[in-house]
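Only one structure is covered here, and it is reproduced in the block below.
There are 2 protein chains.
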Amino acid sequence: MADFDKNDMDTFCRAPFFKGLARQTVERLFAVGDCATFAKDTLISSIGDNFGTVLFVISGLLRVSVCSASGRRITFLLVKEAEPYNLLGPYLNRSRFLEAQALEKTRCLKIRDRDYLKFVEQHPAIVHNILQWIGKSLDSANSRLLDLMEKKVETRILRVLSTLHQKFGSPLLFTSQEISEIAGTTPESTLRTMGLLREMGILSTQRGKIWIHDPPALKDTEFGAIKI
Amino acid sequence: MADFDKNDMDTFCRAPFFKGLARQTVERLFAVGDCATFAKDTLISSIGDNFGTVLFVISGLLRVSVCSASGRRITFLLVKEAEPYNLLGPYLNRSRFLEAQALEKTRCLKIRDRDYLKFVEQHPAIVHNILQWIGKSLDSANSRLLDLMEKKVETRILRVLSTLHQKFGSPLLFTSQEISEIAGTTPESTLRTMGLLREMGILSTQRGKIWIHDPPALKDTEFGAIKI
DNA sequence: ACCGTTCCATGACGGCCGTCATGTACGAAC
DNA sequence: GTTCGTACATGACGGCCGTCATGGAACGGT
């Protein structure tokens with residue numbers, strides 16, 4: 001418990017995932033877990049292994065992605081502070097094909113599968129939060145499916161920029177490569193699109209940084225938003 | 229309760245979703261629900277409404293899809309007997325953008341959101357089943373994302389045919405239109421691909437029917453399977 | 001200050017596949 | 001049996017966008 005301070009718990013209590021939970025419940029969650037710190041670029045779980053540990057990011061950023069046979073990476077999720085990773089892992093005793101990596105130095109609350117399962121049993125209130133979170137993830141995945149089937153690359157990139165802006169603010173610290181891995185396209189297409197947006201005065205770019213000047217212009221909403 | 233017979237419960241008890249649950253639990257699930265029968269082509273929930281009811285199909289088939297602005301339909305899920313629909317709806321008190329429709333005459337066990345929430349609270353064992361089911365759905369959605377970003381149309385159609393064959397056997401009672409709505413392509417592309425497969429002797433087709441002669445030939449697995 | 005690496009930027013090309021068009025065949029209804 | 005609606009089948013065209021190539025700029029390490 002010495003690993004965590006009161007501040008960490010405060011942050012969690014205010015975060016969307018923990019909404020509606022008693023502070024005591026959050027404290028007990030901390031009590032059943034350990035602190036784990038991953039250096040930048042650490043591979044936390046790789047494809048094929050049976051990763052049953054649940055993580056809650058305290059500070060830093062995790063990327064959940066796969067690297068396909070053709071060498072292209074596809075990013076499913078970015079996990080930031082007070083967000084959970086692998087909520088369902090302990091319930092699926094089979095290897096998943098996802099890979100998690102720390103994009104920067106990341107400190108996590110780490111909970112072993114058995115402790116997690118026991119905790120959920122003993123604190124049924126959290127089931128509500130878990131299901132809500134997963135539900136949003138599922139809706140988001142479906143929205144992205146729709147985007148990929150329906151929309152052109154430019155629209156998808158717009159959506160990704162908009163979503164990232166909502167989640168991380170401005171400037172965005174991502175390269176065109178990283179953007180393209182989320183949008184499902186190539187760095188070249190991303191750069192071309194951002195070139196257009198720059199001409200339109202909607203954003204400006206620097207090596208690894210993107211300033212969004214006109215967030216509403218990115219909104220092209222049809223149906224639900226995606227969640228990254 | 230007179231709406232259901234012992235046979236219905238037997239089917240459910242044997243089904244994957246209910247694996248590991250006591251028969252008594254299944255019986256009580258039936259007890260809190262009503263029987264609902266939908267005629268073919270009935271729209272069960274449409275886009276934008278706040279559909280909080282959980283359904284378990286007893287017989288028949290439901291399609292979960294969206295119809296995009298450009299008029300193209302995209303099918304996310306086919307729900308067959310002993311499978312659940314809208315497991316998470318009661319936990320997400322916001323309108324979802326999915327639309328459910330009965331593809332044939334379909335009989336369901338219908339459970340109102342409040343009854344469902346109460347049931348889950350009183351029967352924590354089912355949480356495990358729910359999370360497992362949702363976990364598979366999430367993995368499946370991610371697999372489809374990967375397919376759409378990575379694979380060409382032919383491969384996707386192959387995957388869809390393979391998955392449908394596993395779930396429904398042979399012959400498949402789907403039109404090229406319906407296949408394309410799952411694979412995220414057009415009927416023309418689907419027909420062209422199936423033309424090739426027919427020449428290779430892997431399948432044969434008739435109006436609305438597809439016989440798969442060589443299921444292994446359809447397998448081109450990389451990473452997880454999709455689930456339709 | 002030099003150099004290597006990484007990222008940005010932009011042009012040219014080509015192929016996949018979505019769109020349109022046309023014709024055929026099957027099945028249901030009367 | 002005739003008719004009509006729907007699905008199958010296949011060809012032609014065109015555009016989006018992925019790939020390759022080239023050059024320049026920014027940053028870090030020594």
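Chains A and B, in that order, are what the protein sequence lines are. Numbers 1 to 228, taken from my numbering, label the letters of the first sequence in order. Numbers 229 to 456, taken from my numbering, label the letters of the second sequence in order. All C-beta atoms in this analysis are idealised placements derived from N, C-alpha and C, irrespective of residue type, glycine included. Remember, predicted model here, so these are calculated numbers, not experimental data.
Which residues of chain A have a Cβ atom closer than 7 Å to the Cβ of HIS356(B), listed in chain order? TYR91
Determine, for PHE76(A), whether the minimum Cβ-Cβ distance to residues of chain B falls below 8 Å. yes
CB contact below 8 Å: ILE362(B) versus chain A: yes
Quick one: is LEU21(A) near chain B, going by C-beta distance under 8 Å? no
Please check if any C-beta of chain B sits within less than 8 Å of the C-beta of GLU83(A). Not closer than 8 Å to any Cβ of chain B, the Cβ of GLU83(A) fails to qualify, so no.
Do the stretch 85 to 92 of chain A and the stretch 363 to 377 of chain B make contact, defined as three or more Cβ pairs closer than 8 Å? yes
So for ALA36(A), helix, strand or coil by DSSP? strand
Pull up the distance between the alpha-carbon of SER189(A) and that of LEU164(A), whole angstroms please. 18 Å
So which of GLY48(A), GLY52(A), PHE56(A), ILE182(A) has the shortest CA-CA distance to ASP34(A)? PHE56(A)
Taking 8 Å as the CB-CB cut-off, is LEU424(B) touching chain A? no
Between which residues of its own chain and ASN129(A) is the CB-CB distance below 8 Å, once the five residues before and five after are set aside? PHE17, PHE18, LYS19, GLY20, LEU21
With H, G and I counted as helix, E and B as strand and the rest as coil, what does DSSP make of GLU99(A)? strand
Between the beta-carbon of SER287(B) and the beta-carbon of GLU311(B), is there less than 8 Å? no
According to DSSP, LYS338(B) sits in a beta bridge with which residue or residues? ASP262(B), LEU283(B)
Can a CB atom of chain A be found closer than 8 Å to the CB of ASN314(B)? no
Applying the criterion that 16 or more other CB atoms from any shown protein chain within 10 Å of the CB defines a buried residue, is GLU99(A) buried or exposed? buried
Residue closest to PHE279(B), alpha-carbon to alpha-carbon, out of THR414(B), LYS338(B), ASP231(B), ASP233(B): Among THR414(B), LYS338(B), ASP231(B), ASP233(B), the Cα nearest to that of PHE279(B) is on LYS338(B).
Is the stretch 416 to 431 of chain B in contact with the stretch 371 to 388 of chain B, if contact means three or more CB pairs nearer than 8 Å? yes
I'd like the span of the alpha helix (DSSP H) that includes THR11(A), first residue to last. 6 to 14
Checking contacts by CB at 8 Å: is VAL307(B) closer than that to chain A? no
Give a yes or no on whether 8 Å exceeds the smallest Cβ distance from ARG14(A) to chain B. no
How is SER204(A) classed by DSSP in three states: helix, strand or coil? strand
Where does ASP10(A) land, buried or exposed, given buried means 16+ other C-beta within 10 angstroms? exposed
By the criterion of Cβ-Cβ separation under 9 Å, what are the contact partners of PRO352(B) in chain A? Chain A residues near PRO352(B): VAL120, GLU121, PRO124, VAL127.
Tell me whether ILE385(B) sits in a helix, a strand or coil according to DSSP, three-state version. helix
Identify whether ARG73(A) lies in helix, strand or coil by the three-state DSSP scheme. strand
Whether ALA63(A) touches LEU78(A) by CB criterion (8 Å): The displayed chain sequence assigns Arg, not Ala, to residue 63(A). Yes, Cβ-Cβ distance for ARG63(A) and LEU78(A) is below 8 Å.
Considering only heavy atoms of the ligand MN, does any lie closer than 7 Å to the CB of ALA31(A)? Summarising the ligand content, the structure contains no ligands, and the ligand MN is consequently not present.
Quick one: residues in its chain with C-beta nearer than 6 Å to the C-beta of GLY452(B), no 5 flanking neighbours on either side, listed in chain order? Only weak support exists for where GLY452(B) lies, its pLDDT of 47 falling under 50; the value from the coordinates is given anyway. Spatial neighbours of GLY452(B) in its own chain (CB-CB distance under 6 Å, excluding positions within 5 residues in sequence) are listed in chain order as ASP367, SER371.
Which residues of the stretch 174 to 199 of chain A have a Cβ closer than 7 Å to any Cβ of chain B? Give them in chain order. GLY184
Determine the chain B residues that contact MET9(A) at a beta-carbon separation under 9 Å, and present them in chain order. None at all; the shortest Cβ gap to chain B is about 25 Å.
What number of angstroms, rounded off, separates the C-alpha of GLY397(B) from the C-alpha of GLN166(A)? 45 Å
Anyone know if the C-beta pair for SER293(B) and GLU409(B) falls short of 8 Å? yes
For TRP211(A), which residues from the same chain have a beta carbon less than 7 Å from its beta carbon, with the 5 sequence-adjacent residues on both sides left out? SER170, PRO171, LEU203, SER204
Along the beta strand (DSSP E) that carries LEU400(B), what are the first and last residues, could you check? It is not in any beta strand (DSSP E) - LEU400(B) carries neither H nor E in the DSSP assignment.
In angstroms with no decimal places, state the Cα-to-Cα distance between PRO215(A) and LEU196(A). 15 Å
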